[in-house]
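In UniProt numbering, the protein residues as written are 1 to 346.
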Amino acid sequence: MTHVHGAAGLFDRAGRLSAISLMLRVFEKIGERMAYKSIGYHSSMPKEKLAGFRRAFSARNHWIALLYVTCVPVSLLVSGYMAWSFSNDGALGAARWILEAVLCIFFARQLRAMENIVHFGSHLNITSKRKVNDVIVNLAAAMPTFQWVQRYREFHNKHHVLFAGDDDPCKNRIEDINGIRDRVESRQLGLIHGIVYGIYSFYREVGSNRTILLYSLIYHALAYCAISAVNAEFADFFYGRLLFAGLLVLPFLRLVAEWSEHDYAASHMEAHATFNNCSFLDKLIFHPAGDAYHLLHHLYPAIPWWRQGAAHRYLMAEDYNYRTLMHRADFFQRLAIAQHDMSEAK
């Protein structure tokens, strides 16, 4: 009888474990469906393959991160010095103005890259050690662009958590800019009004207050003095072009980039209202430092910016449900792949 009761107990425990396992699978499926309903996407890859993808592409490498964040300011100095050297050559003639125009666009592009590094840095892309991560991001990217990554993180978390809702700061800002632009009869003047308001609203939303402004001004004053100690003429040339690029060119690039990331009127779900902008022009000028893969970022925010392109190519090859989302392959097109009926998704 003891053996019978023991066997019955084992079967009873096995039954309870089986029931618990079944309940866990049911809750897992419910969780998957809830995730699909909230963001409009669930991966078609098997669970093991998806887990392997996350492990492989979400791994941080602080040495690669440091290389990237260092290359941006170094590229500004090197390109500025080369342009200054060429501009001193009187043989360039009118070509000097073309050279300086290209330089200002490049400067604005690199400043935009710094802004995007602040964005990815707010997700601890450089290192999981928050204090170390934030110090690196602030020194290399946030302070040069009048930001502070800790303040940016507060704003940006709201965008992810409250996406397309009444309290989504990005949605509200874009709608405000569009409203200001549309109230002006002239399209050109409307664009200018939108850009001007966009400058103010951007720094307001990312939390740049007077203290951060003071820190950034001190940062740039020290940088100017350091460059001037080596070559005063180059320091004037460099900061003159950097100021022009930051005040007049960067706001335009930023606004075009932000306009192309989301279409809030299309859907309240992230996967159906967010775009990858994968054209050559997007990556070259408007969406540097991984920002071209904005849809990928919303679906997998832990992937560092330098792994975004490889992760996108992997998902396009292996994940049907990702492949049928919205990817722009040409800067001038509205959509590269039409939005599919998700009932077709695997």
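Ideal Cβ positions, reconstructed from N, Cα and C, are used throughout, including at glycine.
Inter-residue spacing [alpha-carbon to alpha-carbon] between residue i and residue j
i	j	result
GLU115	LEU217	17 Å
ARG204	ALA56	36 Å
HIS327	ASN277	6 Å
ASN125	PHE237	34 Å
LEU253	GLU48	40 Å
ASN178	GLU154	24 Å
LYS229	TRP259	The residue you asked about is not Lys; residue 229 is Ala in the sequence shown. Roughly 41 Å separates the two Cα atoms.
ARG130	SER85	41 Å
LEU213	PRO46	48 Å
ASP330	LEU242	29 Å
TRP305	SER58	10 Å
GLU318	PHE275	19 Å
ARG60	PRO169	28 Å
ARG210	CYS225	22 Å
SER75	ARG313	27 Å
LEU92	VAL132	46 Å
ALA311	ILE285	21 Å
ILE303	LEU66	16 Å
GLN188	GLY194	10 Å
SER343	ARG323	Note that SER343 scores a pLDDT of 32, beneath 50, so its modelled location is shaky; the value from the coordinates is reported in the next line. Approximately 14 Å between the Cα atoms of the pair.
VAL102	ASP89	17 Å
HIS160	GLU233	45 Å
ASP167	GLU261	18 Å
Three-state class that DSSP yields for residue i in the structure shown
i	result
ARG328	strand
HIS119	helix
ASN276	strand
HIS287	coil
HIS312	helix
HIS297	helix
PRO46	coil
GLN147	coil
LYS131	helix
MET34	With a pLDDT of 42 at MET34, under the threshold of 50, the modelled position of that residue is not reliable, and no figure is offered here.
SER228	helix
ARG54	helix
ILE136	helix
GLY207	coil
ILE39	helix
ILE218	helix
ASP89	coil
LEU124	coil
ARG60	coil
ILE98	helix
ASP236	helix
ILE105	helix
ILE212	helix
PRO73	helix
ALA142	helix
ASP319	coil
Proximity below 9 Å, CB of residue i to CB of residue j
i	j	result
HIS119	TYR152	yes
ALA257	HIS287	yes
VAL249	ALA108	yes
LEU191	ARG183	no
LEU255	GLY165	no
PHE106	ALA273	no
MET316	ILE39	no
SER201	GLN147	no
TYR264	LYS158	no
Rounded Cβ spacing between residue i and residue j (contact assumed at less than 8 Å)
i	j	result
ALA235	ILE227	4 Å
LYS283	ALA271	About 21 Å; that fails the 8 Å criterion.
CYS71	ALA245	Not a contact, Cβ separation roughly 18 Å.
ASP134	GLN150	6 Å
ASN231	SER43	Incorrect: roughly 53 Å between the Cβ atoms, too far for contact.
LEU295	LEU325	6 Å
ALA141	GLY121	7 Å
MET143	TYR81	Between TYR81 and MET143 the Cβ distance is about 22 Å, and since that is not below 8 Å, they are no contact.
LEU99	SER87	7 Å
HIS123	PRO251	Their Cβ separation, rounded to whole angstroms, is 24 Å, which puts HIS123 and PRO251 out of contact at 8 Å.
ALA289	ILE117	6 Å
LEU299	TYR41	6 Å
THR127	HIS62	5 Å
Min CB distance residue i to chain D below 9 Å
i	result
VAL118	As a matter of chain content, chain D is missing from the structure shown, which is built from one protein chain.
Any non-hydrogen atom of the ligand SAH closer than 8 Å to residue i Cβ
i	result
LYS47	Absence of the ligand SAH is noted for the structure shown, with no ligands found whatsoever.
At what residue ranges does the region 241-278 contain a whole run of the alpha helix (DSSP H), taking only runs of 4 or more? 250-259, 270-273
Curious, which full-length alpha helix (DSSP H) runs of at least 4 residues does the region 149-205 contain? 149-161, 169-182, 187-205
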